[in-house]
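Residue numbers (this note's numbering): 318 to 1235.
Backbone N, C-alpha and C define an ideal beta-carbon position, used for all residues, glycine too.
Being a predicted model, the structure only gives us computed values, none of them experimental.
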């Protein structure tokens, strides 16, 4: 059996054809003779998108691979307690052969046996057939392993060339070295060999030109000069001295363990000049006084420390960190470095890459003279710790994605200043300084200060500037984009930008000026989310803009969401519309949440909070409330529109959210106004938990009233006519008690329009009763009478007793207000008789309340008191404290003041001046 990794994967006599099996085999061969854990194999196969069946699927792949390998003989693929192990025989794996030959060549080279070394190294290189594992799908580990192999191949190739130069074969290696130097322009040792080869081949001008070009490139890209070996080589060439090999330009000395040194290299002393790499600060920096003072105290401490500046996209963590670095530069005489951990392709920089860059900055002499491809992360971390030992250095690492990226740096003597979008980093001893939006005053100051030629437009209209800052969510990136807009339009008034920001369709476009683009920043953050969380982010754009609790989010997300590892296959079937007469139908929307959906919804919320795409706040003894700011909401809306072009999922989500809010509203109403019931009985979900107290229910309505109004409009826009009416009706009791006439009016208008769109006379009757009651309370008797009259006819048409009772009471109230007491008493009596057949306590109480007033107005005090007693008994039995208190006040009025005239409280909190009987 033979295995070949150094090129396309080959197995003799039979190679696996399936991609997953080839990946597993390559991973096992990379650690041949050692156990590879199951988790490591799963990560290599699927990365972050691990399916639920990963372990069982892996077992199937391994079984199939074992059968394939069995064709070749007795090669052992062993099952261990926590993984698998592959043990090729001696000489069966080309990687082992390569390592043995290159080690032998290295020993021969060290002993000065250059001819033998060249032969052994040439045989080692001959085992390569192309890029390692070129035809194998690679995960994180294999990509890193292949990179290390390629670097090792380059090391061996360079050592073989070095041996050839010692043997006088300098002309033969010039073309090979030229290609290698072009492919690895910053590897000084390759350039050194090429310059020696050219010089010995009598091409002195070309050798000197190569040295000059290398000096320019090192200065431009690294800000450094060639190492001492190359400088000495250059001096010898200028002097026309004899040079056989670059190693003659250095004094031999032993190298640190794990580092391959050019033979005879003398490790240069550490550079004493401070390293300085900080970005330029913007001309205007405002606010953050308290946060920066706290951060400065940490940075100026003589002991190495870790400061973590946290904040969401666009909040200005990078700028704040740079400002801190500039302010405290004097405390770090040995150097400051600002390093963005975001790769050019938008990915996250690996720990190895971070360490390599820092070594290049703090030890350029060593970086140019050592070939370090064989160093692992720990070795590089140890080397950097040695380089920085005893030095006062500040490392500013911007956009840390996770702790593992920077943990190796915590053992150095450097002070770390880290920025991250996460709320915190789990690093021992780290001090966290969270940044939020700027204050309104600081926002306007930044807007004005950064506007350049457009600053006058900001200063001339401070009110509009404040509104612009609010639409920017007081985020520095958005404010700087707005300021850039003013700079580009210096003569335009501020209201032009405000108009664009008010329109959600143009808001993000207005805040995109060059690289100041809040949409790009937020979209990049969303793109990093797992696919199921990204879908949740889009759906949460439908949540109330003022904030929401977890149950509302779960209602939005309560769909058959794919498992994080599954491919999304969203259904385009609309959610079933519940019939108001069918409790079971509503239950499927509100009650019937599969538990896994709820769990995934809560996890999605936590992930969005961790990435700062969602804000969260708590109140004492209250639930966590989430909020998506307006800019993030605009990006989420665009994402949802892209993923749901026909709006099917959007409509279904609004329907679920409407059902949840309706149910919660009526549960709260039970405690506030126990006798009140919806005209649609199935809107109550009796098996869901209620609120702890009436105070809690009242607090809920205060928090959610705007959300209920907003959702009523959203349901109307989605064409959910039934839910529009249900939501509007759930608002009536709270709006009536709190005199929220504008909210009540807007909701009732939408409910009436929805009922007429649906051609539902029952829903129209309910909406008309609501509008009539509002008009009556506002003293618009004629409008009230017209609404109640039409409501009565629609209720009769739909045979809906409840709205018929409400319409009769409303008509009676208008008659009473006009002084038509006899007519009013007749209508109240008719409503009372109908309400008994419906067993509806609130309607019964309301009819009796009117009858008390009508009887008293006609001078029938005993009849009025009798009706009052009955009404009070019903209110007490229902536990309706508001109505009970009102009836006590009404009883006091009947027994003391009713003949005195003046205003009368005709309904809880509603007062009328009665007209004389006509």
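query, result
"Is DSSP giving residue 576 helix, strand or coil here?", "Model confidence at residue 576 stands at a pLDDT of 31, short of 50, so the residue's coordinates are unreliable; what they give is reported in the following sentence. Residue 576 falls in the coil class under three-state DSSP."
"Reducing DSSP to helix, strand and coil, say where residue 779 ends up.", "helix"
"In angstroms with no decimal places, state the Cα-to-Cα distance between residue 504 and residue 513.", "15 angstroms"
"Starting from residue 396, follow its DSSP beta bridges and name the residues at the other end.", "401"
"Secondary structure at residue 556, three-state DSSP: helix, strand or coil?", "coil"
"State yes or no: is the beta carbon of residue 1188 nearer than 8 angstroms to at least one beta carbon in chain D?", "Here chain D cannot be found, since the structure has a single protein chain."
"Among 673, 1098, 628, which residue has its Cα nearest to the Cα of residue 742?", "628"
"Okay, do the segment 1020 to 1028 and the segment 851 to 869 touch, 3+ Cβ pairs below 8 angstroms being the bar?", "yes"
"Excluding the five sequence neighbours on either side, which residues of its own chain have a C-beta within less than 8 angstroms of the C-beta of residue 833, listed in chain order?", "794, 797, 798, 801"
"Using the rule of at least 16 other Cβ atoms within 10 Å of the residue's Cβ for burial, across every protein chain shown, is residue 945 buried or exposed?", "buried"
"What three-state label does DSSP hand residue 1029 in the structure shown?", "helix"
"In angstroms, rounded to a whole number, what distance separates the CA positions of residue 983 and residue 994?", "8 angstroms"
"Take residue 516 and list the residues in its own chain whose beta-carbon comes closer than 7 angstroms to its own, dropping the five residues that flank it on each side.", "524, 554, 560"
"So for residue 1058, helix, strand or coil by DSSP?", "helix"
"Give the DSSP bridge partners of residue 655, in chain order.", "713"
"State the Cα-Cα distance for the pair residue 478 and residue 543, rounded to the nearest angstrom.", "21 angstroms"
"How many Å lie between residue 1227 and residue 1087 at the Cα?", "15 angstroms"
"Whose C-alpha, out of 804, 756, 811, is nearest the C-alpha of residue 780?", "811"
"So, is residue 975 buried or exposed, given that buried needs 16 or more other C-beta atoms within 10 angstroms?", "buried"
"Starting from residue 634, trace the alpha helix (DSSP H) in both directions and tell me its first and last residue.", "634 to 644"
"Looking only at its own chain, which residues have a Cβ that is under 6 angstroms from the Cβ of residue 751, when we skip the five neighbours before and after it?", "627"
"Can you confirm whether the segment 717 to 726 touches the segment 594 to 613 when touching is taken to mean that 3 or more C-beta pairs between the two stretches lie within less than 8 angstroms?", "no"
"Please name the residue in 1012, 1053, 1071 whose C-alpha comes closest to that of residue 1036.", "1071"
"Helix or strand or just coil, what does DSSP make of residue 325?", "coil"
"In the DSSP assignment, find the unbroken beta strand (DSSP E) run with residue 1222 in it and report its ends.", "1221 to 1224"
"Is residue 789 helix, strand or coil by DSSP?", "coil"
"Are there 16 or more other CB atoms within 10 angstroms of the CB of residue 693, so buried, or fewer, so exposed?", "exposed"
"Please tell me whether residue 537 and residue 638 are closer than 8 angstroms, where the distance is taken between their beta carbons.", "no"
"Report the option in 1172, 1145, 1175, 1173 whose CA atom is closest to the CA atom of residue 1161.", "1145"
"Roughly how many whole angstroms lie between the Cα atoms of residue 932 and residue 788?", "16 angstroms"
"Which residue marks the beginning of the beta strand (DSSP E) containing residue 1162, and which one marks its end?", "Per DSSP, residue 1162 belongs to no beta strand (DSSP E); it is in the alpha helix (DSSP H), 1158 to 1174."
"Tell me whether residue 1239 sits in a helix, a strand or coil according to DSSP, three-state version.", "Outside the displayed range of the chain (318 to 1235) lies residue 1239, so it cannot be described from this structure."
"So who's on the other strand from residue 1276, going by DSSP bridges?", "Outside the shown range of the chain, which is 318 to 1235, sits residue 1276, and nothing can be said about it."
"Cα-Cα, which of 467, 433, 355, 828 is closest to residue 952?", "828"
"As an exercise, report each continuous beta strand (DSSP E) stretch of at least 3 residues that is fully enclosed by the segment 779 to 859, in chain order.", "none"
"Taking residue 652 as the reference, which of 673, 677, 709 has the closest Cα?", "709"
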